[in-house]
Amino acid sequence: MQTKLTLEGVKSRYLNRAVIAVDATGEQVTREDSELLGCRTLDGLVDVAKKAFS
0 MQTKLTLEGV KSRYLNRAVI AVDATGEQVT REDSELLGCR TLDGLVDVAK KAFS
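In numbering that gives the first Met the number 0, the protein residues as written are 0 to 53.
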């Protein structure tokens with residue numbers, strides 16, 4: 000099984016302050032809320048995806 004990770008910018012006009020991992024069909028796998036999304040490092044964003052698909 001191959002996992003493809005894609006990081007995209009905020010698509011909503013609202014800042015949800017969450018990292019959401021979705022699978023290839025677009026279904027939500029996991030969601031982690033945060034006080035300030037802008038304070039997350041790239042490594043922190045990738046870690047959410049790693050946990051979701053491990």
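Here a beta-carbon is modelled for each residue, glycine too, at the ideal position from N, C-alpha and C.
Computed from a prediction, not measured in an experiment: that's the story for all the values here.
Exercise. Is Asp-22 helix, strand or coil by DSSP?
Worked result: Taking the sequence shown and counting its residues from 1, one reaches residue 22 at position 23. Correct three-state label for Asp-22: coil.
For this session: May I ask which residues mark the beginning and end of the beta strand (DSSP E) holding Thr-29?
Result: Numbered from its first residue, the sequence shown carries residue 29 at position 30. Looking at the DSSP string, the run of the beta strand (DSSP E) that includes Thr-29 is 27–32.
For this session: Would you kindly work out how many angstroms separate the C-alpha atoms of Gln-27 and Ile-19, rounded to a whole number?
Result: Taking the sequence shown and counting its residues from 1, the one referred to as residue 27 is at position 28. Taking the sequence shown and counting its residues from 1, the one referred to as residue 19 is at position 20. Answer to the nearest angstrom: the Cα atoms are 7 Å apart.
Problem set entry | Own chain partners of Glu-31 with C-beta closer than 6 Å, once the 5 adjacent residues on each side are dropped | In the sequence shown, residue 31 corresponds to position 32, counting from 1. These residues qualify, in order along the chain: Val-18, Val-47.
For this session: To the nearest angstrom, report how far apart Gly-62 and Thr-29 are at their CA atoms.
Result: What the structure shows of the chain is the stretch from 0 to 53, and residue 62 is not part of that stretch, so it cannot be assessed.
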